[in-house]
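Line by line, the protein sequences are chains A and B. If you want our numbering, it's the position in the first sequence, counting the first as 1, plus 414. If you want our numbering, it's the position in the second sequence, counting the first as 1, plus 475. From the three backbone atoms N, C-alpha and C, an ideal C-beta is built for every residue, glycine too. Given the structure is predicted, the values throughout are model-derived calculations rather than measurements.
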Amino acid sequence: MREQVIEVLKSHFGDKPIEDNSHLMDDLGADEFDIVDVILQVEEKLNITIPEEETFDIMTVSQLLEVVGNHVQSD
Amino acid sequence: MLMGAGGGLWYVQHLKSENEILTLNNAKLNDAVDQQQAVIEQQLKDIEQIQTINLQLTETNTKLTADLQLAEEKFNKVNASGERRDIGNLALNKPKSIERIERKREQQRARCFEIAQGSPLTEEELNATKKSQINAECTNLANPNYIPY
Numbered sequence: 415m416r417e418q419v420i421e422v423l424k425s426h427f428g429d430k431p432i433e434d435n436s437h438l439m440d441d442l443g444a445d446e447f448d449i450v451d452v453i454l455q456v457e458e459k460l461n462i463t464i465p466e467e468e469t470f471d472i473m474t475v476s477q478l479l480e481v482v483g484n485h486v487q488s489d
Numbered sequence: 476m477l478m479g480a481g482g483g484l485w486y487v488q489h490l491k492s493e494n495e496i497l498t499l500n501n502a503k504l505n506d507a508v509d510q511q512q513a514v515i516e517q518q519l520k521d522i523e524q525i526q527t528i529n530l531q532l533t534e535t536n537t538k539l540t541a542d543l544q545l546a547e548e549k550f551n552k553v554n555a556s557g558e559r560r561d562i563g564n565l566a567l568n569k570p571k572s573i574e575r576i577e578r579k580r581e582q583q584r585a586r587c588f589e590i591a592q593g594s595p596l597t598e599e600e601l602n603a604t605k606k607s608q609i610n611a612e613c614t615n616l617a618n619p620n621y622i623p624y
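Structure (C-alpha cells):
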C-alpha cells in the first residue's frame, strides 16, 4: 500500500524527495485541489473509498498514509 | 443721353441689388461652413472617444484573457506526469472537498478586497512564508514576505 501511495505522489509531484513528514503543500508544492486529486488517484489505484470528511485535514504524507492504511485494512 | 444715364443708374442699382444678394448668400454660406466645421469637430471628438473606449476594451479583453488562462492553469493544471487535472471530475467524485476548498477561496477573495480597500495586513499574513499559510487568491497583495518556491 505504501509503495502505491508513494508512486501516486511521485507521478503527481515528480522527483521531489518524499518523506513521511513531507508537507504536501509546503514541501511538494501541492495546492488544495492537488491533494483531492491525489486522494482520488490513490482510491482508484487501491480500489478503496475513503469518506471525504476523513481527508479534509490531510496535509502530510504520513497523514495520507494513515488514512489510506485504515481503509486498506478495513476494506 | 438721358436714356444712357437712366440705363447706367439702373445698371448700378441692379449691381447693388445683386451685390446685397451675394453678400447675404455669402453670409449664409459662412454660417453653413461654420456649422459643418462644428459637426466635423464633434465627429472628430466622437472618433477620438470611440478610439479611447476601443483601446480600453482591448486592454480589458487582454487582461480578462490572461486571467482566464491563469484560472484555467490554476484549475486544470498539469502534473509532473503531464496529466491535466480535471476539476470537473474532482467535483463529481469529491463534491464536499471541492466545495470546502471553494468556500475557503471565497473567504480569501473577500479578504483580498478588504486589503485592496486599505485594510492593514495581519501578523499572520505578514509572516506567511509557506504555501500552506498564504492567501492563494492574492498572494502578492496579502503575503509580501512569501517567496514562491
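Residues near residue i in its chain [Cβ-Cβ closer than 7 Å; skip 5 each side]
{"i": "Leu-454 (chain A)", "result": "none"}
{"i": "Lys-627 (chain B)", "result": "Chain B is shown only over 476 to 624; residue 627 (chain B) falls outside these bounds and no answer can be derived."}
{"i": "Arg-416 (chain A)", "result": "Leu-479"}
{"i": "Arg-584 (chain B)", "result": "Glu-612"}
{"i": "Gly-557 (chain B)", "result": "none"}
{"i": "Ile-420 (chain A)", "result": "Ile-432"}
{"i": "Tyr-624 (chain B)", "result": "none"}
Assigned exposure category for residue i - 16 Cβ within 10 Å defines buried
{"i": "Val-482 (chain A)", "result": "buried"}
{"i": "Leu-423 (chain A)", "result": "buried"}
{"i": "Ile-464 (chain A)", "result": "buried"}
{"i": "Lys-503 (chain B)", "result": "exposed"}
{"i": "Asn-501 (chain B)", "result": "exposed"}
{"i": "Arg-586 (chain B)", "result": "buried"}
{"i": "Asp-506 (chain B)", "result": "exposed"}
{"i": "Asn-620 (chain B)", "result": "exposed"}
{"i": "Ala-541 (chain B)", "result": "exposed"}
{"i": "Ala-603 (chain B)", "result": "buried"}
{"i": "Lys-538 (chain B)", "result": "exposed"}
{"i": "His-489 (chain B)", "result": "exposed"}
CB contact check: residue i to chain B, cutoff 9 Å
{"i": "His-437 (chain A)", "result": "yes"}
{"i": "Val-450 (chain A)", "result": "yes"}
{"i": "Ile-432 (chain A)", "result": "no"}
{"i": "Leu-478 (chain A)", "result": "no"}
{"i": "Lys-364 (chain A)", "result": "Residue coverage of chain A in this structure runs from 415 to 489, which leaves residue 364 (chain A) outside it and unanswerable."}
{"i": "His-485 (chain A)", "result": "no"}
{"i": "Ile-453 (chain A)", "result": "yes"}
{"i": "Glu-417 (chain A)", "result": "no"}
C-beta neighbour in chain A for residue i, strict 9 Å
{"i": "Ser-572 (chain B)", "result": "yes"}
{"i": "Ala-611 (chain B)", "result": "yes"}
{"i": "Ala-555 (chain B)", "result": "yes"}
{"i": "Asn-568 (chain B)", "result": "yes"}
{"i": "Phe-588 (chain B)", "result": "no"}
{"i": "Leu-565 (chain B)", "result": "yes"}
{"i": "Glu-534 (chain B)", "result": "no"}
{"i": "Ile-528 (chain B)", "result": "no"}
{"i": "Arg-584 (chain B)", "result": "no"}
{"i": "Glu-600 (chain B)", "result": "no"}
{"i": "Glu-581 (chain B)", "result": "no"}
{"i": "Tyr-624 (chain B)", "result": "yes"}
{"i": "Ile-522 (chain B)", "result": "no"}
{"i": "Ser-594 (chain B)", "result": "no"}
{"i": "Glu-558 (chain B)", "result": "yes"}
{"i": "Lys-605 (chain B)", "result": "yes"}
Neighbourhood of residue i by C-beta, 8 Å cutoff - its chain only, sequence neighbours within 5 removed
{"i": "Ala-480 (chain B)", "result": "none"}
{"i": "Gln-418 (chain A)", "result": "Val-456, Lys-459, Leu-460"}
Contacting residues, own chain, Cβ-Cβ under 6 Å from residue i (five flanking each side not counted)
{"i": "Thr-469 (chain A)", "result": "Ile-453"}
{"i": "Ala-444 (chain A)", "result": "Leu-438"}
{"i": "Lys-430 (chain A)", "result": "Leu-442"}
Report yes or no: do the region 569 to 586 of chain B and the region 449 to 456 of chain A share at least 3 C-beta pairs separated by less than 8 Å?
The way I'd put it, the region 569 to 586 of chain B does touch the region 449 to 456 of chain A; three or more beta-carbon pairs between them come closer than 8 Å.
Sequence ranges, alpha helix (DSSP H) only - wholly within the region 504 to 549 of chain B, length at least 4:
Segments of the alpha helix (DSSP H) lying fully in the region 504 to 549 of chain B: there are none.
For the region 466 to 482 of chain A against the region 484 to 492 of chain B, do three or more pairs of beta-carbon atoms, one drawn from each stretch, fall closer than 8 Å, so that the two count as touching?
Counting Cβ pairs under 8 Å, fewer than three are found: no touch.
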